[in-house]
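S.K.: For any residue, its number in the working numbering is found by taking its place in the sequence shown, counting from 1, and adding 1. Here you go, one structure.
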Amino acid sequence: MPFEDVHIQQKYAAVKAGFGGEQQLDYVFERYKFPMNYRVFHDLSLTSPTPFQIDTLLITPSYAIVFEVKNIAGELKVLVNPPQLQRTLGNGEVSGFKSPIIQVRNNCQLLKDWLREKNIDLPIYGAVVLAYSKQRIELLDTSIPFLFPEAVPLYVRNLPVTPELLEENVFEKLATELLASHQEFIPRPICEMFPYLANDFRSGVACPSCQKLTMERRLRNWRCLSCGKISEDAHKQAIRDWFLLYGGKMTNRECRKFLGITSPDIVYRLLKDMDLEVEGAKRNRTYVMKMGKSFRENK
Ligand SMILES: [Zn+2]
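This is the structure we're talking about:
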């Protein structure tokens with residue numbers, strides 16, 4: 002969804018990355034088992050006393066790794082001075098985002114502080130994970146590794162083997178504390194964060210190719226009026242966008258208005274096809290996006 006305001010765009014991209022992108026990395030950790038003693042935590046919210054959030058943390062008795070997951074479509078360029086992530090879309094549109102290198106460095110520092118309060122001193126590594134394996138990226142700052150999800154196990158295994166710094170019971174206690182510190186991350190709807198812009202949100206279904214809100218519903222799919230791209234599921238992104246923008250519950254009527262479809266039956270089927278929580282029946286039926294991912298710990 003295009004916004005005129007750059008801040009909104011950044012916030013929006015950040016919120017959007019909160020679901021979807023991280024799952025790729027979750028799957029890698031679900032499938033891959035390392036030989037050492039370790040734990041993986043997703044969506045950690047900690048306070049050191051500065052509150053911070055870690056997308057994925059892998060911790061062992063010898064070291065910790067902070068992973069920052071990025072899920073931004075388009076061609077990316079990581080700039081150094083000033084540190085910034087520049088994104089170019091297929092249509093040539095360029096926008097800037099916070100540097101993931103700065104984000105990951107900040108998180109490493111804050112985690113170090115958090116551990117020090119518990120008298121724990123561990124080496125902390127940081128890495129940026131790009132959710133899309135097809136992503137094209139140009140790195141002008143290589144101080145932090147950028148990895149695709151499949152490369153993460155090799156990255157972990159190639160780290161220097163160092164002696165265990167934490168006793169078994171200290172490590173277990175730390176893992177329990179990390180688990181207790183975890184809170185569900187439910188992003189505030191963008192219309193609450195930026196109420197003055199709420200009326201400017203544009204409805205419509207974005208073209209996965211040219212990003213314009215010019216997708217038109219046909220019998221079984223969507224077709225872009227600008228570039229001709231056909232998509233079966235372009236509405237899914239639009240529906241997820243609606244929840245990011247407005248939050249709360251969505252009715253069939255609101256969905257119709259947002260997607261630009263007149264038929265309640267078609268919208269009923271599209272909504273039914275998504276993994277949404279359904280409340281009520283018939284005319285009172287509402288849909289809620291499952292935002293806070295449930296906690297998962299891999300051992
Ligand atoms: Zn298009």
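Using N, Cα and C, we set each Cβ at its ideal position, and we do this for glycine too.
How long is the line joining the alpha carbons of LEU220 and TYR288, rounded to whole angstroms?
M.R.: The sequence position of residue 220 within the sequence shown is 219, counting from 1. The sequence position of residue 288 within the sequence shown is 287, counting from 1. Cα to Cα, LEU220 sits roughly 23 Å from TYR288.
S.K.: To which residues of the same chain is ILE328 closer than 8 Å at the C-beta, ignoring the five residues directly before and after it?
M.R.: For the chain, the structure presents residues 2 to 300; residue 328 sits outside this window and is missing.
S.K.: Quick one: what does DSSP say MET194 is sitting in, helix, strand or coil?
M.R.: Taking the sequence shown and counting its residues from 1, the one referred to as residue 194 is at position 193. The answer is helix: DSSP assigns MET194 an H, G or I state.
S.K.: Counting along the chain, where does the alpha helix (DSSP H) carrying ILE240 start and finish?
M.R.: As a first step, residue 240 must be located in the sequence shown, where it is residue number 239. Here the alpha helix (DSSP H) through ILE240 covers 235-247.
S.K.: Can you determine whether any heavy atom of ligand 1 sits closer than 6 Å to the C-beta of CYS192, and answer yes or no?
M.R.: Indexing the sequence shown from 1 puts residue 192 at position 191. Checking every heavy atom of ligand 1 against the Cβ of CYS192, none is found closer than 6 Å.
S.K.: Below 8 Å on the Cβ atoms is my contact criterion, and I expect LYS99 with LEU112 to pass it. Report the Cβ-Cβ distance as a whole number of Å.
M.R.: Taking the sequence shown and counting its residues from 1, one reaches residue 99 at position 98. Taking the sequence shown and counting its residues from 1, one reaches residue 112 at position 111. Contact doesn't hold; Cβ gap of about 18 Å is too wide.
S.K.: Examine ligand 1 and report whether any of its heavy atoms sits within less than 6 Å of the Cβ of SER227.
M.R.: To locate residue 227, count along the sequence shown from 1; it is residue 226. At least one heavy atom of ligand 1 is nearer than 6 Å to the Cβ of SER227, so yes.
S.K.: Taking just the CA atoms, how far does GLN110 sit from SER49?
M.R.: The residue you call residue 49 lines up with position 48 of the sequence shown. The residue you call residue 110 lines up with position 109 of the sequence shown. For SER49 and GLN110, the distance between alpha carbons rounds to 10 Å.
S.K.: Rounded to the nearest angstrom, what separates PHE259 and ASP274 at their Cα positions?
M.R.: On the sequence shown, residue 259 is found 258 positions in, with the first residue counted as 1. On the sequence shown, residue 274 is found 273 positions in, with the first residue counted as 1. When rounded, the distance between both Cα atoms is 17 Å.
S.K.: Taking only three categories from DSSP, how would you classify GLU169?
M.R.: As a first step, residue 169 is located in the sequence shown; it is residue number 168 there, counting from the start. Helix, per DSSP.
S.K.: Am I right that PRO36 and GLU165 are in contact with their C-beta atoms under 8 Å? What's the rounded C-beta distance?
M.R.: Residue mapping note: residue 36 aligns to position 35 of the sequence shown, counting from 1. Residue mapping note: residue 165 aligns to position 164 of the sequence shown, counting from 1. Incorrect: roughly 14 Å between the Cβ atoms, too far for contact.
S.K.: Just to confirm, are LEU26 and PHE42 a CB contact at a threshold of 7 Å?
M.R.: Within the sequence shown, numbered from 1, the residue matching residue 26 stands at position 25. Within the sequence shown, numbered from 1, the residue matching residue 42 stands at position 41. In this structure, PHE42 does not lie closer than 7 Å to LEU26 by Cβ.
S.K.: Going along the chain, which residues of its own chain have a beta-carbon closer than 6 Å to the beta-carbon of ARG218, five neighbours each way excluded?
M.R.: If you number the sequence shown from 1, residue 218 lands on position 217. If we look at ARG218 and ignore the five residues flanking it on each side, its Cβ neighbours are ILE262.
S.K.: Please classify THR89: does DSSP put it in a helix, a strand, or coil?
M.R.: Translated into positions along the sequence shown, residue 89 becomes position 88. Reduced to three states, the DSSP call for THR89 is strand.
S.K.: If you reduce the DSSP assignment to three classes, tell me which class GLN212 lands in.
M.R.: Within the sequence shown, numbered from 1, the residue matching residue 212 stands at position 211. Note: GLN212 maps to coil in three-state DSSP.
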